[in-house]
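Down below is the structure, laid out as structure tokens.
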Amino acid sequence: MSTPKAAVIDMGTNTFHLVLVELVKDGFKVLYKEKIPVKLGQGGINQDHIAPDALKRAYHTLTHFKNLIDGEQIDRVFAFATSAVRNAKNGEEFVQEVKEKIGIDIKVISGEEEALLIYEGIKLSGSLNGQTELMMDIGGGSVEFIIGTSEEVFWKGSFEIGGQRLLELFHHHDPILTSELQRLHDYLEEKLQPLLKAIAKYKPCNLVGASGTFDTLTDIYFESMLQCKLTGQHVFELPTSEFHRIHQLLLSKNREERLQIPGMIPMRVDMIVVASSLIDFILKYVPVQNITCSHYALKEGAIAEVLRQQVETT
């Protein structure tokens with residue numbers, strides 16, 4: 001009997017991810033993975049609309065993903081969309097179109113579901129150490145926060161204040177102006193009240209950041225230390241002092257200069273200033289010595305879900 005395979009498509013506001021896995025006895029083996037900066041939210045996110053150009057890029061990417069999935073003869077496909085599609089007036093139409101034209105069934109997940117899948121992904125990476133931790137995932141459209149331990153979730157929330165939204169609302173000059181940063185800070189203070197109350201109640205003593213921006217920040221840190229990340233390592237520690245050093249560096253540079261920072265990638269260069277400012281804001285409420293960075297997030301949480309279904313059906 002051949003080993004069962006599955007495909008996960010994570011359609012984020014900024015990036016589309018494809019992961020093809022083989023389901024093995026105690027986990028999964030990645031056969032292939034690819035990420036493409038589709039920028040689904042660009043040009044329409046704050047108007048709750050997916051722009052025509054973004055739709056074109058999405059169809060093109062999903063057709064490419066479908067060819068790869070068919071090439072591996074995988075019929076178990078778990079495709080899900082998050083903030084950009086969830087809030088777009090033309091989101092439903094887009095989902096229909098993809099089903100009819102490309103043959104991919106997309107599940108539009110709620111912010112709550114997204115937070116739980118991120119938690120499962122972080123848990124799978126081995127990032128949690130038994131204490132109460134604040135976990136965060138900065139997407140292009142939304143940001144998810146989870147407070148809990150490796151055993152249970154105490155509180156979770158999803159806020160529509162992702163990188164693409166903040167970028168369009170606040171980052172109008174490059175380098176970003178102090179006044180823009182102040183307005184961003186005030187906005188976060190207002191929008192994140194439910195989170196701040198939850199932090200005061202549950203008192204998390206660690207901060208765990210999931211993939212995306214945190215991957216890039218650790219890449220920049222490792223490059224500055226002239227070290228390489230080890231293949232197969234899913235958890236990284238970023239000293240808070242180093243985060244602050246990198247954050248100041250990002251604030252002081254324009255786009256071209258940020259691109260020159262070793263470890264920076266083009267798909268992250270625009271959003272990283274506001275995303276880093278959001279982390280800086282959170283650190284005022286959860287002061288830690290080190291930020292734990294989990295390379296696993298939403299898509300790995302989805303794989304954990306597929307594995308669970310696999311166990312239940314066998």
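The opening residue of the sequence shown carries number 1 in the UniProt record's numbering; numbering runs sequentially from there. Every residue, glycine too, gets a C-beta built ideally from N, C-alpha and C.
- What did DSSP end up calling Leu177 once you bin it into helix, strand or coil? Taking the first residue of the sequence shown as 1, we reach residue 177 at position 177. Note: Leu177 maps to coil in three-state DSSP.
- If you draw a straight line from the alpha carbon of Ser127 to that of His17, how long is it in whole angstroms? To locate residue 127, count along the sequence shown from 1; it is residue 127. To locate residue 17, count along the sequence shown from 1; it is residue 17. Going from the Cα of Ser127 to the Cα of His17 covers about 21 Å.
- Query: Taking just the CA atoms, how far does Glu160 sit from Glu304?
  - Reply: Along the sequence shown, one-based indexing puts residue 304 at 304. Along the sequence shown, one-based indexing puts residue 160 at 160. Checking the sequence, you will find Ala at residue 304 rather than Glu. Rounded to the nearest angstrom, the gap between the Cα atoms of Ala304 and Glu160 is 25 Å.
- Own chain residues within Cβ distance below 7 Å of Gln310, not counting five before or after: Along the sequence shown, one-based indexing puts residue 310 at 310. Cβ neighbours of Gln310 beyond the five flanking positions: Pro4 and Leu23.
- Query: Under 7 Å between the Cβ atoms of Glu133 and Val208?
  - Reply: Along the sequence shown, read from residue 1 onward, the residue named residue 133 stands at position 133. Along the sequence shown, read from residue 1 onward, the residue named residue 208 stands at position 208. Going by C-beta atoms, Glu133 is nearer than 7 Å to Val208.
- Item | First through last residue of the alpha helix (DSSP H) which encompasses Ile9 | Your numbering for residue 9 matches position 9 in the sequence shown. Careful: Ile9 lies outside any alpha helix (DSSP H), inside the beta strand (DSSP E) at Lys5 to Met11.
- Which same chain residues, not among the five before or five after Met264, have their C-beta less than 7 Å away from its C-beta? Numbered from its first residue, the sequence shown carries residue 264 at position 264. Taken in chain order, the residues that qualify are Thr216, Ile220 and Arg258.
- Query: Three-state secondary structure (DSSP) at Pro194?
  - Reply: The sequence position of residue 194 within the sequence shown is 194, counting from 1. Note: Pro194 maps to helix in three-state DSSP.
- Below 8 Å, can you find three or more Cβ-Cβ pairs linking the segment 47–54 to the segment 68–78? Contact fails: fewer than three Cβ-Cβ distances are below 8 Å.
- Message: With the cut-off set at 7 Å, would you say Ile138 and Gly212 are in Cβ contact?
- Response: Here residue 138 refers to the residue found at position 138 when the sequence shown is read from its first residue. Here residue 212 refers to the residue found at position 212 when the sequence shown is read from its first residue. Yes, Cβ-Cβ distance for Ile138 and Gly212 is below 7 Å.
- Identity of the residues DSSP links to Lys107 by a beta bridge: Along the sequence shown, one-based indexing puts residue 107 at 107. Its beta-bridge partners are Phe80.
- Three-state class that DSSP yields for His234 in the structure shown: The count along the sequence shown starts at 1 and reaches residue 234 at position 234. It is coil, neither helix nor strand.
- Message: Rounded to the nearest angstrom, what separates Ile199 and Lys299 at their Cα positions?
- Response: On the sequence shown, residue 199 is found 199 positions in, with the first residue counted as 1. On the sequence shown, residue 299 is found 299 positions in, with the first residue counted as 1. Each residue's alpha carbon lies about 26 Å from the other.
- Using a threshold of 6 Å, is the CB atom of Thr178 nearer than that to any non-hydrogen atom of the ligand MN? Annotation note on the ligand MN: not contained in the displayed structure, which lists no ligands.
- Along the beta strand (DSSP E) that carries Tyr32, what are the first and last residues, could you check? Against the sequence shown, residue 32 aligns to sequence position 32. First-last of the beta strand (DSSP E) with Tyr32: Gly27 to Ile36.
- Message: Within 10 Å of its beta-carbon, does Arg183 have 16 or more other beta-carbons around it, so buried, or fewer, so exposed?
- Response: One-based indexing of the sequence shown puts residue 183 at position 183. Arg183 should be labelled exposed.
- Task: In the DSSP assignment, find the beta strand (DSSP E) that holds Val95 and state where it starts and stops.
- Result: As a position in the sequence shown, residue 95 is number 95, starting the count at 1. Taken as a continuous stretch (DSSP letters only), Val95 belongs to no beta strand (DSSP E), being part of the alpha helix (DSSP H) at Gly91 to Lys101.
- For Gly140 and Pro266, the rounded distance between their alpha carbons: Here residue 266 is taken as the residue at index 266 of the sequence shown, counted from 1. Here residue 140 is taken as the residue at index 140 of the sequence shown, counted from 1. Approximately 15 Å between the Cα atoms of the pair.
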